[in-house]
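J.: Right, I'll just put the structure down here and ask away after.
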Amino acid sequence: AAKKNGSDWVVYDEAKHSDEREQEILHELKKDIVEFTGFSLYYQPKINLKTRKIDSAEVLLRWENKQLGMVSPAEFIPIAEKYGLIQDLTKSIFFRACQQVKRWNQEHFPIQKLAVNLSATFFQLQNGNEMIKDILEQTEVNPKSINIELEVTETAIMENVNRAIEMLDDLRGIGLTIALDDFGTGLSSLTYLKNLPIDTLKIDKAFIEGIPGDEKDNGITELIVLISKKIGLEIVAEGIEILEQDQFLTSIGCDYGQGYFYSKPLSLEQLTERFGSSKQN
Ligand code: C2E
Ligand code: CA
Ligand code: CA
Ligand code: CA
């Protein structure tokens, strides 16, 4: 593509464009993060495939900026990570998620478990666990009685496996549960399954996509479910979009399902409307 520059047509510079976009996002992020302006927590339900009940959800961040409009987390999260802004963001998200799940607990809302994504750089933080514990204290949430799961990716753990294991052990010690997110997109060695202190495995939607037409995806998914159950991990399939995928995963004994087939990520208002009244305070 070409872009008009003064009177000359110049070759459109993809790299320059993306760098400009990155700087623009960075600039706006810095401003909005201070007071969590334009950010909101969305909740994507997870269905228990055995009971067919929706009893948990994952927090997904949304950002609508005055200048840029809606920006996808897939675009701004890596930028926040790159420039050291993610920690403040994670703090705000985790704080709000704790308040929310505590409220649901008091109200006996159908959703009683909430998962929060941790950033790829979390295990590089000196005080990451302190941050989590401080917020649990501030919000008076005891993870031994209120279910909070942390979703972490393989790639984040791989950076420094020993350090990650140490931090995860500590977090599980206070009652948090750990889900390994996007399983299947990294190296996914069975050794990691054996050694990592995790409770849940989330099969990446890249595998679910091919079900039921792709025999390889069917087979790999079935095997991952089987292994997970054998070694006592709970298993969640993400990215379920059609009935046939729901049926296949249910038939092979997958514990949980998540995806547009059940629900896209919802605002608190939409979620409340769909799953019952929630007292405001
Ligand atoms: P993720 O953690 O793997 O989240 C799943 C993504 O898949 C979400 O995109 C979700 O909206 C989308 N999704 C859910 N069901 C379906 C489906 O059936 N089909 C398809 N095609 N997609 C589906 P989203 O919300 O745009 O988030 C993208 C990524 O951004 C997340 O991937 C996560 O890595 C990151 N992210 C989102 N919110 C947060 C957050 O609060 N903190 C951190 N650290 N990262 C976040
Ligand atoms: Ca996730
Ligand atoms: Ca995922
Ligand atoms: Ca993913």
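Here full-length UniProt numbering is used: the first residue of the sequence shown is 144, the next is one more, and so on.
Backbone N, C-alpha and C fix where the C-beta goes; we use that ideal spot for every residue, glycine too.
Fair warning: this is a prediction, and the values are worked out from it, not measured in the lab.
1. Taking the CB atoms as reference points, tell me whether L319 and L344 lie closer together than 8 Å.
2. Okay, do the stretch 252-259 and the stretch 182-198 touch, 3+ Cβ pairs below 8 Å being the bar?
3. Report whether the distance from the Cβ of E302 to the nearest heavy atom of ligand 1 is below 7 Å.
4. Tell me which residues share the same chain as P286 and place their Cβ nearer than 7 Å to its Cβ, disregarding the 5 neighbours each side in the sequence.
5. Under a three-way DSSP split, which group does K256 fall into?
6. For the alpha helix (DSSP H) containing E384, name the first residue and the last one.
7. According to the Cβ coordinates, are L172 and I222 closer than 8 Å?
8. Are there 16 or more other CB atoms within 10 angstroms of the CB of M213, so buried, or fewer, so exposed?
9. Just the Cα atoms here: how many angstroms apart are I351 and I395?
10. Would you call the CB atoms of F238 and L204 closer than 8 Å?
11. Have a look at G353 and T364 and give me their C-alpha separation to the nearest angstrom.
12. Measuring CB to CB, does S383 end up less than 8 Å from G362?
13. Helix, strand or coil for E201 per DSSP?
14. So what's E358 in DSSP terms, helix, strand or just coil?
15. For L311, tell me which candidate among Y405, D342, C241 has the shortest Cα-Cα distance.
16. S332 by DSSP, collapsed to three states: which one?
T.: According to the structure shown:
1. No.
2. yes
3. no
4. L279, I317, G318, L319
5. strand
6. Here E384 belongs to no alpha helix (DSSP H), and DSSP marks it neither H nor E.
7. For L172 and I222, yes; Cβs fall inside 8 Å.
8. exposed
9. As the crow flies, the alpha-carbon of I351 is around 13 Å from that of I395.
10. no
11. CA-CA distance, G353 to T364, rounds to 10 Å.
12. Just to set this straight, residue 383 is Ile in the shown sequence, not Ser. No, the Cβ-Cβ distance between I383 and G362 is not below 8 Å.
13. strand
14. helix
15. D342
16. coil
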